[in-house]
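Those protein sequences? They're chains C and U, same order as listed.
Residue numbers are given in this note's numbering: position 201 of the first sequence equals residue 201, and the series is strictly consecutive.
The number in this note's numbering is simply the position in the second sequence, starting from 1, with 1000 added.
For every residue, glycine included, the Cβ atom is placed at its ideal position computed from N, Cα and C.
Have a look at the structure below, then the notes.
Number of protein chains: 2
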Amino acid sequence: MLREIEPLSDLVNARGIVPALPDLPCNTCHFRSSNFCGALFGRSGQPMAIRGKHREIAARQNIYRAGEGNEGVLVICDGWAVRFVQLPNGKRQILSVMLPGDLVSATSMLEGQLGFSVQAVTDVRYCYFPFAEVRARIRNNPPLFDAWLRLTAAEQRDADKRLVDLGQRTAQERIAALIVHVMQRCEQRGELVDDEFPFPLSQQQIADFTGLTPVHTCRVLSALRKNAVCDVGHGFVKIMERRELQRMGALK
Amino acid sequence: MLREIEPLSDLVNARGIVPALPDLPCNTCHFRSSNFCGALFGRSGQPMAIRGKHREIAARQNIYRAGEGNEGVLVICDGWAVRFVQLPNGKRQILSVMLPGDLVSATSMLEGQLGFSVQAVTDVRYCYFPFAEVRARIRNNPPLFDAWLRLTAAEQRDADKRLVDLGQRTAQERIAALIVHVMQRCEQRGELVDDEFPFPLSQQQIADFTGLTPVHTCRVLSALRKNAVCDVGHGFVKIMERRELQRMGALK
DNA sequence: CGGTACATTGAGAAATTTCAAAGTTGGTGG
DNA sequence: CCACCAACTTTGAAATTTCTCAATGTACCG
């Protein structure tokens, strides 16, 4: 289920020559051109300035459990994951959805435990970078420091938006907002083709994100389908009435 | 309504001698022994290493409106305030409650606008510190940098907890959690006397915080009173059954 | 070809909102 | 000191949203 990706054993060979290293995942990662890994460790094209500890895990498995020791700054390299809180009574709240290239939490920069868990939605490849190294780079590089400030501010804005959703908006609005949010992220990545984009969340996961029950989530999605707004299922969303969907998802 | 506190005009007099400056609010602020101002600019006893721009404002007035230019890093010196989002349809969501000594948002360190507004709950004295100065100090002082990391992490944990509250918990649980949260903060400050502590939020504000209507909020508070758990009103909370209240507020 | 997880549907129950009216409180000016 | 005003709180009744329970249908995996 959880497989450590074997690092090249002779990163630097006996004669001190650094080989091409096509196998180190970061060296071929195309998210480095846009995400925080690139800002931290150099954009794509450059060899990666630090080695992360890479792993793979199957869909629906936990990458991290709240309260466990945390191995480093966690990045989702490939696949989708969610950050969530599991309550003793069985309920769970999904806090955020992470796409390939996303830092799991810009504020989890310190050794110690986290208050949330992380679960793979699809099969996931992920990576830990050493805390101290990441902190040192941020501290010693003013433009990087500012980039990181922007990232933490963006995460807080996102959390604030979710708070407004859960506190003030109806089931339909919350679900529409989630779909629109993911649509916009996919569009930026060029993954929106023929008004269709990947959406691997199950109805249970949509429910856990929006604070609804799976049954009610199903009814809302059915209504969206019946009204020819969009069709969610089988790992994809098909947009039929983009304008209408955006109107539903927008704050009123 | 909004009054600029006149800074001493001759901070350094003609002979270059710095006078005692008892009037600069930061020099007599007793929160500096514990809050982030102290970490940033020196603990109480020391003269304040930087001058904030201080102001006062009456209860129920806005300190900052979302989208306006932001003057600096905002600290609540005295009184209670809330951070909130106002929706066009009249609904509002309160994101967090700030007590004296609180930084308004650890992630609002950059010039530019914020996505939320800030309103005084009671009469408030507050203060802006220049962005660049604060950033420079954090960047140049490793222990301060770590302290600030802890603060941003704590703010995110708080936002995550609120998300769980709004997404997964009943009206009674949300209200109990708010009361317990404030109770614990007041207790740390030694403001809990005879099982009673200050609580200046109106029912409307409690409703905006918990994502409920004021009418339902009133019914829940009435039930708490009738069941002799606690009595909320007139600017205070009287705790009758602390254990029961904590049980209600705790995650299940 | 089963089995398991996921999705759908129906009916009734519960929590919360809405609307409307009446009571209270605290502050202000006469 | 009193009267009044405005804002806040309380109460009732009905409507709405969302949940719960339970059964059935569907898709994918080995």
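Within chain U, partners of residue i - CB distance below 9 Å
| i | result |
| --- | --- |
| C/Lys252 | Leu1087, Pro1088, Asn1089 and Lys1091 |
Chain U contact residues for residue i, given Cβ-Cβ distances below 7 Å
| i | result |
| --- | --- |
| C/Leu166 | Leu1163, Leu1166, Gly1167 and Gly1211 |
| C/Leu95 | Asp1160 and Leu1163 |
Own chain, CB closer than 7 Å to residue i, minus 5 neighbours either side, in chain order
| i | result |
| --- | --- |
| C/Gly69 | Gln113 |
| C/Ala39 | Leu144 and Ala147 |
| U/Arg1043 | Arg1032 and Ser1033 |
| U/Met1248 | Gln1172, Glu1173 and Ala1176 |
| C/Cys186 | Leu192, Phe197 and Pro198 |
| U/Val1229 | Met1240, Glu1241, Glu1244 and Leu1245 |
| U/Arg1135 | Met1109 |
| C/Pro214 | Gln203, Gln204 and Ala207 |
| U/Val1180 | Leu1245, Gln1246 and Gly1249 |
| C/Gly45 | none |
Closer than 8 Å at the beta carbon, the chain U residues around residue i
| i | result |
| --- | --- |
| C/Met109 | Leu1149 and Ala1153 |
| C/Ser257 | This structure leaves residue 257 of chain C out entirely; chain C is present only between 1 and 252. |
Assumed close pair residue i, residue j - CB separation to whole angstroms, cut-off 8 Å
| i | j | result |
| --- | --- | --- |
| U/Leu1178 | U/Ile1206 | 7 Å |
| U/Val1182 | U/Phe1209 | The pair is not a contact, with the Cβ atoms about 10 Å apart (cut-off 8 Å). |
| U/Lys1053 | U/Gly1079 | Contact flag wrong, Cβ pair sits at about 17 Å. |
| U/Gly1101 | U/Phe1031 | 3 Å |
| U/Leu1151 | U/Phe1041 | Between U/Phe1041 and U/Leu1151 the Cβ distance is about 15 Å, and since that is not below 8 Å, they are no contact. |
| U/Leu1166 | C/Leu166 | 4 Å |
| U/Arg1137 | C/Pro142 | Contact flag wrong, Cβ pair sits at about 13 Å. |
| U/Ala1153 | C/Thr107 | 4 Å |
| U/Leu1163 | C/Leu163 | 6 Å |
| U/Glu1133 | U/Ile1050 | 6 Å |
| U/Asp1195 | U/Lys1226 | At roughly 18 Å, the Cβ-Cβ gap does not stay under 8 Å, so U/Asp1195 and U/Lys1226 are not in contact. |
| U/Gln1156 | C/Ser105 | 7 Å |
Bridge-paired residues (DSSP) for residue i
| i | result |
| --- | --- |
| C/Ser117 | C/Phe84 |
| C/Asp78 | C/Arg125 |
| C/Ile179 | Answer is none; C/Ile179 lacks a bridge partner. |
| U/Asn1062 | U/Gln1119 |
| C/Phe236 | C/Pro198 and C/Gly233 |
| U/Leu1103 | U/Val1075 |
| U/Gln1093 | U/Val1085 |
| C/Val193 | C/Glu196 |
| C/Met98 | C/Ala81 |
Sequence-distant residues of the same chain with beta carbon closer than 6 Å to residue i, five excluded per side
| i | result |
| --- | --- |
| U/Ile1097 | Reading off the sequence shown, one finds Val at residue 1097 of chain U, where the question assumed Ile. Only Val1082 meet the Cβ criterion. |
| C/Leu221 | Val232 |
| C/Thr217 | Gln203, Ile206 and Ala207 |
| U/Cys1127 | Gly1052, His1054, Val1075 and Cys1077 |
| U/Leu1212 | Ala1171 |
| U/Glu1111 | Phe1131 |
| C/Asp160 | none |
| C/Leu103 | Phe36 and Val75 |
| C/Phe129 | Gly52, Gly72 and Val73 |
| C/Arg125 | Glu56, Cys77 and Asp78 |
Proximal chain C residues relative to residue i, where beta-carbon distance stays under 8 Å
| i | result |
| --- | --- |
| U/Ser1044 | Those do not exist, as U/Ser1044 stays about 27 Å from chain C at its closest Cβ, beyond 8 Å. |
Contact set for residue i: own chain, Cβ-Cβ below 8 Å, skip 5 residues either direction
| i | result |
| --- | --- |
| C/Gln86 | Ala66, Arg92 and Ser117 |
| U/Met1001 | Note that U/Met1001 has pLDDT 42, beneath the 50 cutoff, so the model's placement of it is unreliable and no number is given. |
| C/Phe84 | Arg92, Gln93, Ile94, Leu95, Phe116, Ser117, Val118, Gln119 and Asp208 |
| U/Pro1022 | Confidence is the limiting factor: at U/Pro1022 the pLDDT is only 49, short of 50, which leaves the residue's position unreliable, though a coordinate-based value still follows. Hits under 8 Å: Thr1028. |
| C/Gly257 | Outside the modelled stretch of chain C, which goes from 1 to 252, sits residue 257 of chain C, for which no answer is possible. |
| C/Phe236 | Glu196, Phe197, Pro198 and Phe199 |
| C/Ala20 | Below a pLDDT of 50, predicted positions are generally treated as unreliable, and C/Ala20, at 45, falls in that range; the measurement from the model is reported next regardless. Closer than 8 Å at the Cβ level, and outside the excluded window around C/Ala20, lies no residue. |
Interface residues of chain C facing residue i [CB-CB closer than 9 Å]
| i | result |
| --- | --- |
| U/Ala1171 | Under the 9 Å cutoff, chain C gives no residues; its nearest Cβ is about 12 Å from U/Ala1171. |
Contact list for residue i against chain C, beta-carbon separation under 7 Å
| i | result |
| --- | --- |
| U/Gly1253 | Absent from the structure is residue 1253 of chain U, since the part of chain U shown begins at 1001 and ends at 1252. |
Interfacial residues, the stretch 140-157 of chain C to chain U, with Cβ spacing under 8 Å = Pro142, Phe145, Asp146, Leu149, Arg150, Thr152, Ala153, Glu155, Gln156 and Arg157
Listed in chain order, which residues of the stretch 1187-1218 of chain U have Cβ atoms closer than 9 Å to some Cβ of chain C?
-> Within the stretch 1187-1218 of chain U, the residues whose Cβ lies closer than 9 Å to some Cβ of chain C are Asp1208, Phe1209, Thr1210, Gly1211 and Leu1212, listed in chain order.
If contact means a Cβ-Cβ distance below 8 Å, which residues of the stretch 1216-1238 of chain U contact chain C?
-> none
Contact list for the stretch 1073-1086 of chain U against chain C, Cβ threshold 9 Å = Arg1083 and Val1085
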